[in-house]
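Novice:
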Amino acid sequence: MNNNYSYGEDAATESQITMDYSTDNFFDYSQFEEMCKKEEIRKFRAIFLPVAYFLICFVGLAGNGLVMATYIYFKRLKTMTDVYLFNLALSDIFFLLTLPFWAVSAAKHWVFGDFACKGIYLICQMSFFSGMLLLLSISIDRYFAIVQATSAHRLRSQRMFASKVTCFLIWTLAVIFSIPEVIHTSVYETPSDPPQCFITTGDHKALTIGIRVSQMVFGFCLPLSVMALCYCFIIRNLLQPHSFEKKHVIKILVVVMIAFVLLQLPYNCIIVLRTISKFNQTTGKCNAIKTLHLANDVTYSLACFRCCLNPFLYAFIGVKFRNDVLRLLKDLGCINQKQLWQWSTNQKTSRSSVPTETDTTTSFSP
43 MNNNYSYGED AATESQITMD YSTDNFFDYS QFEEMCKKEE IRKFRAIFLP
93 VAYFLICFVG LAGNGLVMAT YIYFKRLKTM TDVYLFNLAL SDIFFLLTLP
143 FWAVSAAKHW VFGDFACKGI YLICQMSFFS GMLLLLSISI DRYFAIVQAT
193 SAHRLRSQRM FASKVTCFLI WTLAVIFSIP EVIHTSVYET PSDPPQCFIT
243 TGDHKALTIG IRVSQMVFGF CLPLSVMALC YCFIIRNLLQ PHSFEKKHVI
293 KILVVVMIAF VLLQLPYNCI IVLRTISKFN QTTGKCNAIK TLHLANDVTY
343 SLACFRCCLN PFLYAFIGVK FRNDVLRLLK DLGCINQKQL WQWSTNQKTS
393 RSSVPTETDT TTSFSP
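Written as structure tokens, this is what we have:
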């Protein structure tokens, strides 16, 4: 997941204040560098980013790894939702595995060479686009599974095939969308700055705007619009008959929407501000630029945290999935049979009724 213009430029560069614009030809940046000292940014990033990235990486790999292990161990890719959730976990894991590289770069500098720079950036962008398109697909799947439940159940096998084709297309598009940025990604250094891996578009304003617009469209606006539309139809459908089960589903949908907005909106606002700043630079805006870059690091780390929440928002909320996770933990020796039995008993007694068995039980059952 990368909801930003550049992983290397925005998330991993120690000396970004001058390096971001070192190839832009608007004015003499050597004078700007003297006026705008960047040690504060370097020191902040050298501490904050490695800690944030390693924490996100550890928590995210544990959660998403457990999701994938459960699907593989029980061979439970039996519904459209299962296929999407498995691929979402895979996408998040790809992204999370790149964070240690950016953490090292933030603490020191890029030490992995130009080939690794392009490779890691490709994985970042690919996981970003695939993750967002998968969230969009999950929303559409939920709409059909609940609002069009009869048709969805009747076309179960066709929908399963469609989900596999959709995932193949999503990964293909993710690679294609990533190529333009990877082409412009490389390791750069200046006499006053150590080598760093980031994307630079030089004075190509159209390319810069195009990249950042694509980040916002595919990383926030499009997924949010589809999620909001689908979930509004679902909630309207569920509000007709009243029951605890359906009220619980509505709460889940609201939480998913709020989490997405809270984690993604701040960073996308920074993208807009940075784009404006890039084409409206003067030598008297040092403090504003410093503040913008500090805000970029904080909000980007917040956006990355979505990878940690996805397993809980989309997989662990399902009763059947949680039971499978507990069975896996028992087989691994992490819990005993008594603990598994107590959990299963508590689940049965807490549910006064069982909803109709559809694809939605994986994601929506309480």
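To convert, note that position 144 of the sequence shown is 186 in our numbering; the numbers rise steadily by one, no gaps. Cβ coordinates follow ideal geometry from the N, Cα and C atoms, glycine included.
(1) Could you give the residue range of the beta strand (DSSP E) that holds residue 238?
(2) Is residue 189 helix, strand or coil by DSSP?
(3) Would you give the residue range spanned by the beta strand (DSSP E) that residue 229 belongs to?
(4) Using a 10 Å radius around the Cβ and a threshold of 16 neighbouring Cβ atoms, would you call residue 129 buried or exposed?
(5) Residue 278: buried (16+ other C-beta within 10 angstroms of its C-beta) or exposed?
(6) What is the residue span of the alpha helix (DSSP H) that residue 131 lies within?
(7) Do residue 302 and residue 258 have their beta-carbon atoms positioned less than 8 Å apart in this structure?
(8) Please determine, among 175, 187, 174, 143, the residue with the shortest C-alpha to C-alpha distance to residue 160.
(9) Roughly how many angstroms separate the alpha carbons of residue 92 and residue 238, rounded to a whole number?
(10) Spatial neighbours of residue 180 within its chain, please: C-beta separation below 8 Å, excluding the five flanking residues on both sides.
(11) Considering only their Cβ atoms, is the gap separating residue 272 from residue 182 smaller than 8 Å?
(12) Are there 16 or more other CB atoms within 10 angstroms of the CB of residue 349, so buried, or fewer, so exposed?
(13) For residue 115, which of helix, strand or coil comes out of DSSP?
(14) Give me the Cα-Cα distance between residue 112 and residue 100, rounded to the nearest whole angstrom.
(15) Less than 8 Å between the C-beta atoms of residue 275 and residue 361, yes or no?
(16) Which value, in whole angstroms, describes the spacing of the CA atoms of residue 297 and residue 232?
(17) Going by other Cβ atoms of all chains shown within 10 Å of its Cβ, with 16 needed for buried, is residue 346 buried or exposed?
(18) Are the Cβ atoms of residue 175 and residue 224 separated by less than 8 Å?
(19) What do you get for residue 267, buried or exposed, if any count of 16 or more other CB atoms within 10 angstroms of its CB means buried?
(20) Could you check if residue 376 is buried or exposed, using at least 16 other CB atoms within 10 Å of its CB as the buried criterion?
(21) Less than 8 Å separating the beta-carbons of residue 227 and residue 240?
(22) So, for residue 353: in the same chain, excluding its five sequence neighbours on each side, which residues have a beta-carbon less than 6 Å away from its beta-carbon?
(23) Do residue 330 and residue 312 come within 8 Å of each other at the CB atom, strictly closer than that value?
(24) Who are the near neighbours of residue 157 in its chain, counting only those whose CB is closer than 6 Å to its CB and skipping five residues on each side?
(25) Does DSSP classify residue 64 as helix, strand or coil?
Specialist: Let's see:
(1) Here residue 238 corresponds to residue number 196 of the sequence shown, with the count starting at 1. Start and end: 235 to 241.
(2) The count along the sequence shown starts at 1 and reaches residue 189 at position 147. Of the three classes helix, strand and coil, the one that applies to residue 189 here is coil, per DSSP.
(3) Position 187 of the sequence shown, counted from the first residue, corresponds to residue 229. Where residue 229 is concerned, the enclosing beta strand (DSSP E) stretches over 227 to 232.
(4) Taking the sequence shown and counting its residues from 1, the one referred to as residue 129 is at position 87. Buried, since its Cβ has 16 or more Cβ neighbours within 10 Å.
(5) Mapped onto the sequence shown, residue 278 falls at position 236. Burial call: exposed.
(6) Here the question's residue 131 lines up with position 89 in the sequence shown. Start and end: 122 to 138.
(7) On the sequence shown, position 216 is the one that residue 258 refers to. On the sequence shown, position 260 is the one that residue 302 refers to. No, the pair does not count as a contact, with Cβ atoms beyond the cut-off.
(8) The residue you call residue 160 lines up with position 118 of the sequence shown. Comparing Cα positions, the closest option is 143.
(9) For the purposes of this step, residue 92 is taken as the residue at position 50 of the sequence shown. For the purposes of this step, residue 238 is taken as the residue at position 196 of the sequence shown. Using only the alpha carbons, I get a separation of about 15 Å.
(10) One-based indexing of the sequence shown puts residue 180 at position 138. The answer, listed in chain order, is 123, 126, 127, 130, 356, 405.
(11) Residue 182 sits at position 140 when you count from the first residue of the sequence shown. Residue 272 sits at position 230 when you count from the first residue of the sequence shown. Taking 8 Å as the Cβ cut-off, residue 182 and residue 272 qualify as a contacting pair.
(12) Here residue 349 refers to the residue found at position 307 of the sequence shown. Looking at its Cβ environment, which holds 16 or more other Cβ atoms inside 10 Å, residue 349 is buried.
(13) Counting from 1 along the sequence shown, the entry for residue 115 is found at position 73. Here residue 115 sits in helix by DSSP.
(14) Position 70 of the sequence shown, counted from the first residue, corresponds to residue 112. Position 58 of the sequence shown, counted from the first residue, corresponds to residue 100. When rounded, the distance between both Cα atoms is 18 Å.
(15) Looking up residue 275 in the sequence shown gives position 233. Looking up residue 361 in the sequence shown gives position 319. Not closer than 8 Å, so no.
(16) Here residue 297 corresponds to residue number 255 of the sequence shown, with the count starting at 1. Here residue 232 corresponds to residue number 190 of the sequence shown, with the count starting at 1. Cα-Cα distance, rounded: 46 Å.
(17) Position 304 of the sequence shown, counted from the first residue, corresponds to residue 346. Classification for residue 346: buried.
(18) Position 133 of the sequence shown holds residue 175. Position 182 of the sequence shown holds residue 224. Cβ atoms of residue 175 and residue 224: not closer than 8 Å.
(19) Counting from 1 along the sequence shown, the entry for residue 267 is found at position 225. Per the 10 Å Cβ criterion, exposed.
(20) Mapped onto the sequence shown, residue 376 falls at position 334. Exposed.
(21) By one-based count along the sequence shown, residue 227 stands at place 185. By one-based count along the sequence shown, residue 240 stands at place 198. Cβ distance < 8 Å, so residue 227 and residue 240 count as in contact.
(22) Along the sequence shown, one-based indexing puts residue 353 at 311. Only 105, 106, 109 meet the Cβ criterion.
(23) As a first step, residue 312 must be located in the sequence shown, where it is residue number 270. As a first step, residue 330 must be located in the sequence shown, where it is residue number 288. No, the Cβ-Cβ distance between residue 312 and residue 330 is not below 8 Å.
(24) Counting from 1 along the sequence shown, the entry for residue 157 is found at position 115. Same-chain partners within the cutoff: there are none.
(25) Taking the sequence shown and counting its residues from 1, one reaches residue 64 at position 22. Low per-residue confidence applies at residue 64: pLDDT is 32, beneath 50, and the placement is therefore not dependable, though the value from the model is reported in the following sentence. Residue state, collapsed to three classes: coil.
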